[in-house]
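For the sequence shown, the positions run 0 to 300 when numbering that gives the first Met the number 0 is used. A virtual CB, placed ideally from N, CA and C, is assigned to each residue, including glycine. Quick notes on the structure that follows.
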Amino acid sequence: MSTRHFLTLLDLSKKELADLIDRAVELKALHQQESDSSPFPNKVLGMVFEKSSTRTRISFEAGMTHLGGSAIFLSSRDTQLGRGEPIEDSARVMSRMVDLIMVRTFEHEKIQRFAEYSKVPVINALTDDYHPCQLLADMQTFVEHRGSIEGKTVTWVGDGNNMCNSYINAARQFNFELKIACPEGFDPMSSLLADNKDRVQLMRDPIAATRDSDLVITDTWASMGQEDEKRAREEAFAGFQVNHELMTYAHNDALFMHCLPAYRDLEVSAKLLDDEDSVVWDEAENRLHAQKALMEFLLES
Ligand code: CP
Ligand code: NVA
């Protein structure tokens, strides 16, 4: 059997993803009852970070501890990867010493090459193109608050970035309609749009995209690596803020999500983010539970 990786949501079947979300809900309950079973003593997760992180690092590290194993934080600043050791060599060496490897990097092609040379499962912890782990947490959060997302209408407002691309894959794998509102020049990957025409619509008007929606999501207008474009992007995205007024066009019980970190009063109003009903904090916590389910799945596969 070839090694299973999780580079995008398409690496797991619809059934595997649905089971994984159920398992995440179950693992969360077990953790809340202080009944973690620690099934993987001596298993080691290598965590390669070429970009910053709060949620991803903590959730993987804490998650691996709950599962009975341990995690090693590998910043590109301190490893030979950062000094130019080839990805292929790094993947071969690391995967002889650890049981799972999580990578956060820039070009998606880099993690694909890393996975090609790794003997153990590789998890995408964010690339410029995709952030599939965040989608596991988002799907868990929707299910916990509103039940199945199948057949629902979901709205993405803002940049057609790594999160937006992952939402297109999620629309396909979890069977929902996705409306994307982004300014011209900031569209998600065109091949993904072309492959998912039956359930994904690209629009320019945030109000039209939000009408009758069950879930509205946004993300920063300037992702990691785009810091120099921050000012220009703020101008380009004027009118694309998600706030209480925009949410009035969605269904009354629509949820708002944001993967965080958020920039208050830019892509989301401070009032909406800090609303007492906001599920963004559950969404962040669910990174822990969803990734425990993912690591369990990959270690057992
Ligand atoms: N949402 C997310 O991936 O957060 P971090 O960048 O803090 O890991
Ligand atoms: N789109 C953002 C997500 C951060 C978790 C970025 O890539 O920086």
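Contact check, residue i vs residue j, beta carbons under 8 Å
i	j	result
ASP158	CYS132	no
LEU6	GLN111	yes
ILE206	TRP155	no
HIS288	LYS27	yes
ARG232	ARG54	no
THR209	TYR248	yes
SER222	ASN161	yes
LEU8	LEU19	no
PHE72	ARG56	yes
LEU214	LYS151	yes
ALA124	HIS4	no
LYS109	THR2	no
GLN200	LYS178	yes
LEU265	TRP220	yes
GLY68	ASP127	no
GLU122	LEU16	The question names Glu, but residue 122 is Ile in the sequence shown. Not in contact: ILE122 and LEU16 (Cβ atoms no closer than 8 Å).
Per DSSP, cross-strand counterpart(s) of residue i
i	result
LYS178	THR154 and GLN200
SER69	VAL43
PHE5	ILE122
SER100	The residue asked about is misnamed: residue 100 is Ile in this sequence, not Ser. ILE100 pairs with GLY45 and VAL121.
SER74	PHE48
LEU214	VAL153 and LEU254
Backbone secondary structure at residue i - three-state DSSP
i	result
PHE173	helix
ILE257	Sequence check: residue 257 is His here, not Ile. DSSP places HIS257 in strand when its eight states are reduced to three.
PHE105	coil
ILE148	coil
ARG263	strand
THR320	Any question about residue 320 goes unanswered here, given that the chain covers just 0 to 300.
LEU245	helix
SER89	helix
LEU11	coil
SER300	coil
THR55	helix
MET0	coil
ARG95	coil
PHE141	helix
PRO38	coil
PRO187	coil
GLN133	helix
GLN240	coil
GLN79	helix
ASN195	coil
SER165	helix
GLU84	coil
Contact test: residue i Cβ vs the ligand NVA heavy atom, cutoff 7 Å
i	result
CYS132	no
MET162	yes
THR217	no
CYS181	no
MET188	no
LEU125	yes
The ligand CP heavy atom lying under 7 Å from the CB of residue i
i	result
THR140	no
LEU44	no
Quiz item: How do the stretch 60–69 and the stretch 86–96 stand: do at least 3 beta-carbon pairs fall below 8 Å, yes or no?
Solution: They do not touch, by the three-pair rule.
Quiz item: Do the stretch 35–49 and the stretch 93–112 touch if we need at least three Cβ pairs shorter than 8 Å?
Solution: yes
Quiz prompt | Contact between the stretch 247–262 and the stretch 135–146 (3+ Cβ pairs under 8 Å) | solution = yes
Self-check item: Cβ contact check for the stretch 164–175 and the stretch 268–276: 3 or more pairs under 8 Å
Solution: no
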